[in-house]
Amino acid sequence: MAMDRVIDEIILVALCLLLLPFAAFSGAHVAALLCAIVVACCFDVYPHARLRFAAAGAYELAALFVPEFSALLPVVAYVLFGERFWLVRLSWIMPLAAALRTQDVLLVPAAVLCAAACLMAWRTKRAGEERERYRALRDEQQEASLSLANKNRELMAAQDYEVRLATLSERSRIAREIHDNVGHLLTRSVLQVEALQVVHADDECVRGGLASVGATLHEAMDTVRKSVHDLHDDAFDLRARLEGVIGACGLDDVRLVYDVQDVPLPVAYGVVAVVREALSNVAKHSDATRVDVSVIEYPALYQLIVQDNGSRDGARSTAVDVPTAQAGIGLQTMEERVSSLGGRLRTGYRKGFRVFATVPKEPSKEKS
9 MAMDRVIDEI ILVALCLLLL PFAAFSGAHV AALLCAIVVA CCFDVYPHAR
59 LRFAAAGAYE LAALFVPEFS ALLPVVAYVL FGERFWLVRL SWIMPLAAAL
109 RTQDVLLVPA AVLCAAACLM AWRTKRAGEE RERYRALRDE QQEASLSLAN
159 KNRELMAAQD YEVRLATLSE RSRIAREIHD NVGHLLTRSV LQVEALQVVH
209 ADDECVRGGL ASVGATLHEA MDTVRKSVHD LHDDAFDLRA RLEGVIGACG
259 LDDVRLVYDV QDVPLPVAYG VVAVVREALS NVAKHSDATR VDVSVIEYPA
309 LYQLIVQDNG SRDGARSTAV DVPTAQAGIG LQTMEERVSS LGGRLRTGYR
359 KGFRVFATVP KEPSKEKS
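If you want the working numbering, it's the position in the sequence shown, counting the first as 1, plus 8.
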């Protein structure tokens, strides 16, 4: 918009200069040109209204007494049309009317140019407003597009999460069905074969056949047991379990950072138990408004951190480190869980209460 105003002002100055050859040229016209340029610069550069009005008023006052200044009044009329009050916008009429007594040949063309200048100023102002509205609309559309993209990503993530949960649930169901039905049938068959072996202990031929059937049933039992264990292990998704624990803890702002590729099942169970207990303690004993849970895998160990932003007064303890012996049952339970995996657990106040646990990938055989 500023560039449009400058272009309009240059056009008006050029048109005003084209009128000067039709009148008796004097040094006052040069002074009027310079003063008009100064007034236009004041309106385009300086934000202070008093300075702008003073410059325009001085030019109009000069035009009252020096008729030659009326030749450049269109420039002043242009810059004044952008002001809020109509009295200020049309103040250029007064020096133009005062110039009627001189019967200057440039009076009528100057009046026409003043009207054209007002029209140009209105057009430029409207164009600037339309551009601003367009930019605002474009920004709103971009914001809406970004918001929609984020919602789509969240929806896709939620769908993937639901599919993963459904898959894991189905694996668990299949494992239970195999264990409860096929496993029991095989166990009963094994017992029946062993009973028949006792009954036909004297018949070497029958006993040999029953032994072969029994071995086959035992092999089938081992295969079923291994398949059930594999299904159960595959059905345990640590991230899904942690997200479920976070969703059920009753806290509004819990953020999970998960960077684990493969974790043994005992460690996964321990992590879930520690996180569940830590979040329960935050909900019961802390004034925290946010909890950060991070589970990270390193080359030699697994690291778990549960950090809240509760105050010292609202935390479980005002001590920097909370010894396990002085902690509550919940913290002692977490310590026992981590120790059983060969790891270490530390709790204390670090800009909020913090639970820090590390579990080596190869648990030490000697546990203190």
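Idealized CB from N, CA, C, for every residue including glycine. Everything numeric in this text was worked out from a predicted model, so none of it was measured.
Worksheet item: CB-CB under 8 Å to A105, same chain, minus the five flanking residues each way: which ones, in chain order?
Response: Taking the first residue of the sequence shown as position 1, residue 105 is located at position 97. Beyond the five residues adjoining it in sequence on each side, A105 comes within less than 8 Å, by CB distance, of no other residue in the same chain.
Discussion item. Are the CB atoms of G350 and E285 within a distance shorter than 7 Å?
Written reply: If you number the sequence shown from 1, residue 285 lands on position 277. If you number the sequence shown from 1, residue 350 lands on position 342. It is not a contact, given that the beta carbons lie outside the stated cut-off.
Item to complete: Determine the burial state of L81: buried for a count of at least 16 other Cβ atoms within 10 Å of its Cβ, exposed for fewer.
Response: Translated into the one-based positions of the sequence shown, residue 81 becomes position 73. By the neighbour-count rule (16 or more Cβ atoms within 10 Å), L81 is buried.
Worksheet entry | Bounding residues of the alpha helix (DSSP H) (the contiguous stretch that carries Q200) | Position 192 of the sequence shown, counted from the first residue, corresponds to residue 200. 191-207 is the extent of the alpha helix (DSSP H) around Q200.
Worksheet item: According to the neighbour-count rule (16 or more other Cβ atoms, all chains shown, within 10 Å of its Cβ), is Y54 buried or exposed?
Response: The sequence position of residue 54 within the sequence shown is 46, counting from 1. It is exposed - the Cβ of Y54 has fewer than 16 other Cβ atoms within 10 Å.
Fill in: Validate contact between the stretch 219-238 and the stretch 198-206 using beta carbons, cut 8 Å, 3 pairs
Flag = yes, the stretch 219-238 and the stretch 198-206 touch.
Practice prompt. Helix, strand or coil for A296, going by three-state DSSP, please let me know.
Written response: The sequence position of residue 296 within the sequence shown is 288, counting from 1. A296 falls in the coil class under three-state DSSP.
Worksheet entry | Residues bridged to F364 (per DSSP) | As a first step, residue 364 is located in the sequence shown; it is residue number 356 there, counting from the start. Answer is I313, R354.
Discussion item. By the three-class DSSP mapping on this structure, what secondary structure does V268 have?
Written reply: The residue given as residue 268 occupies position 260 in the sequence shown. Residue state, collapsed to three classes: coil.
Worksheet item: For E305, which of helix, strand or coil comes out of DSSP?
Response: As a position in the sequence shown, residue 305 is number 297, starting the count at 1. In the three-state reduction of the DSSP assignment, E305 falls in the strand class, which pools E and B.
Worksheet item: Going straight from the alpha carbon of A327 to that of L173, what length do you get?
Response: On the sequence shown, position 319 is the one that residue 327 refers to. On the sequence shown, position 165 is the one that residue 173 refers to. Low local confidence applies: a pLDDT of 42 at A327 is under 50, so the model's placement there is unreliable, and no value is given.
Worksheet entry | Cutoff 6 Å; reference V363; Cβ partners in own chain excluding five residues on either side | The count along the sequence shown starts at 1 and reaches residue 363 at position 355. Excluding its 5 nearest sequence neighbours in each direction, V363 has C-beta neighbours in its own chain below 6 Å: A286, V314, T355, listed in chain order.
Worksheet item: What is the rounded straight-line gap between the Cα of R60 and the Cα of V74?
Response: Taking the first residue of the sequence shown as position 1, residue 60 is located at position 52. Taking the first residue of the sequence shown as position 1, residue 74 is located at position 66. If I take the Cα positions, the gap works out to 21 Å.
Practice prompt. Kindly identify the DSSP beta-bridge partner or partners of V262.
Written response: In the sequence shown, counting from the first residue as 1, residue 262 sits at position 254. The secondary-structure analysis by DSSP pairs V262 across a beta bridge with V299.
Worksheet item: Where does H56 fall in DSSP's three states?
Response: Residue numbering aside, residue 56 sits at position 48 when the sequence shown is read from its first letter. Correct three-state label for H56: coil.
Worksheet entry | Inter-residue Cα distance where the pair is E276 and E343 | Here residue 276 refers to the residue found at position 268 of the sequence shown. Here residue 343 refers to the residue found at position 335 of the sequence shown. Checking the displayed sequence, the identity of residue 276 turns out to be Ala instead of Glu. Using only the alpha carbons, I get a separation of about 15 Å.
Item to complete: Measure the Cβ-Cβ separation of E68 and P117 and say whether it is below 7 Å.
Response: As a working note, residue 68 is residue 60 in the sequence shown. As a working note, residue 117 is residue 109 in the sequence shown. In this structure, P117 does not lie closer than 7 Å to E68 by Cβ.
Fill in: Assigned exposure category for C213 - 16 Cβ within 10 Å defines buried
In the sequence shown, the residue the question calls residue 213 occupies position 205. In the assembly as shown, C213 is an exposed residue. Its beta-carbon has fewer than 16 other beta-carbons within 10 Å.
Fill in: Distance between A203 and D210 (C-alpha atoms, nearest Å)
Position 202 of the sequence shown, counted from the start, is the residue given in the question as residue 210. Position 195 of the sequence shown, counted from the start, is the residue given in the question as residue 203. Using only the alpha carbons, I get a separation of about 13 Å.
Item to complete: Closer than 6 Å by C-beta to A48: which residues in its own chain qualify, once you throw out the five before and the five after it? Chain order, please.
Response: Walking along the sequence shown from the start, residue 48 turns up at place 40. Apart from sequence neighbours up to five positions away, the residues of its chain that approach A48 with a beta-carbon distance below 6 Å are E17, V83, V87, ordered along the chain.
Item to complete: For V253, collect the residues of the same chain with a Cβ closer than 7 Å to its Cβ; drop the 5 residues on either side in sequence, then sort them by chain order.
Response: Sequence index remark: in the sequence shown, residue 253 carries index 245 (1-based). Excluding sequence neighbours, V253 sits near V280, V283, R284, L287.
Fill in: Limits of the alpha helix (DSSP H) - the one that A106 falls within
As a working note, residue 106 is residue 98 in the sequence shown. If you look at A106, you'll find it in the alpha helix (DSSP H) that goes 101-106.
Worksheet entry | 7 Å Cβ cutoff met for D316 and G360 | Along the sequence shown, one-based indexing puts residue 316 at 308. Along the sequence shown, one-based indexing puts residue 360 at 352. If you check the CB distance, D316 and G360 come in under 7 Å.
Practice prompt. Check each candidate in S177, R184, V221 and name the one with the smallest Cα separation from R249.
Written response: Along the sequence shown, one-based indexing puts residue 249 at 241. Minimum Cα distance to R249 is reached at S177.
Item to complete: Give me the Cβ distance between Q85 and C126, rounded to the nearest whole Å; I'm assuming they're in contact under 8 Å.
Response: Translated into the one-based positions of the sequence shown, residue 85 becomes position 77. Translated into the one-based positions of the sequence shown, residue 126 becomes position 118. The sequence shown places Ala at residue 85, rather than the Gln named in the question. Contact flag correct, Cβ pair sits at about 6 Å.
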